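In our numbering, the protein residues as written are 8 to 90.
Below: one structure, written as structure tokens.
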Ligand code: SF4
């Protein structure tokens with residue numbers, strides 16, 4: 008489970024979010040690059056390589072791309088319950 012109490016500070020507001028790398032529960036981003044390689048329109052990396060949501064999905068295909076990235080995160084750092 009992602010941790011919506013420890014969101015990356017650069018996430019845009021909305022449903023999808025990335026968990027901050029400093030999260031102590033083990034769900035923090037490990038900067039693997041999967042999400043921002045899979046869905047670069049929605050996920051970007053900060054200066055340290057950690058991911059944040061740069062654009063929330065609107066269209067169905069955008070939502071599907073974000074969901075696929077979320078399900079591909081190896082440490083379950085991405086959540087979709089951010090609202
Ligand atoms: S897939 Fe997960 S661990 Fe990898 S960069 Fe994205 S949020 Fe971080």
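Just so it is clear, CB atoms sit at the ideal spot from N, CA and C, and this is done for glycine as well.
Computed from a predicted model, the values in this text were never measured in an experiment.
Report the residue from 64, 58, 70, 89 whose alpha carbon sits nearest the alpha carbon of residue 39.
Of the candidates 64, 58, 70, 89, the one whose C-alpha sits nearest the C-alpha of residue 39 is 58.
Unbroken beta strand (DSSP E) run spanning residue 41, endpoints:
Taken as a continuous stretch (DSSP letters only), residue 41 belongs to no beta strand (DSSP E), being part of the alpha helix (DSSP H) at 41 to 45.
For residue 16, does the count of other Cβ atoms within 10 angstroms reach 16, so buried, or fall short, so exposed?
exposed
Using CA coordinates, which residue listed in 89, 64, 32 is at the minimum distance from residue 46?
64
With distance defined between alpha-carbon atoms, name the residue in 55, 54, 72, 56 nearest to residue 62.
Answer by Cα proximity: 72.
By Cβ distance, which residues of its chain are closer than 8 angstroms to residue 53, with the 5 residues on each side in sequence left out?
15, 17, 59
How would you call residue 88, buried or exposed, if buried means at least 16 neighbouring beta carbons within 10 angstroms?
exposed
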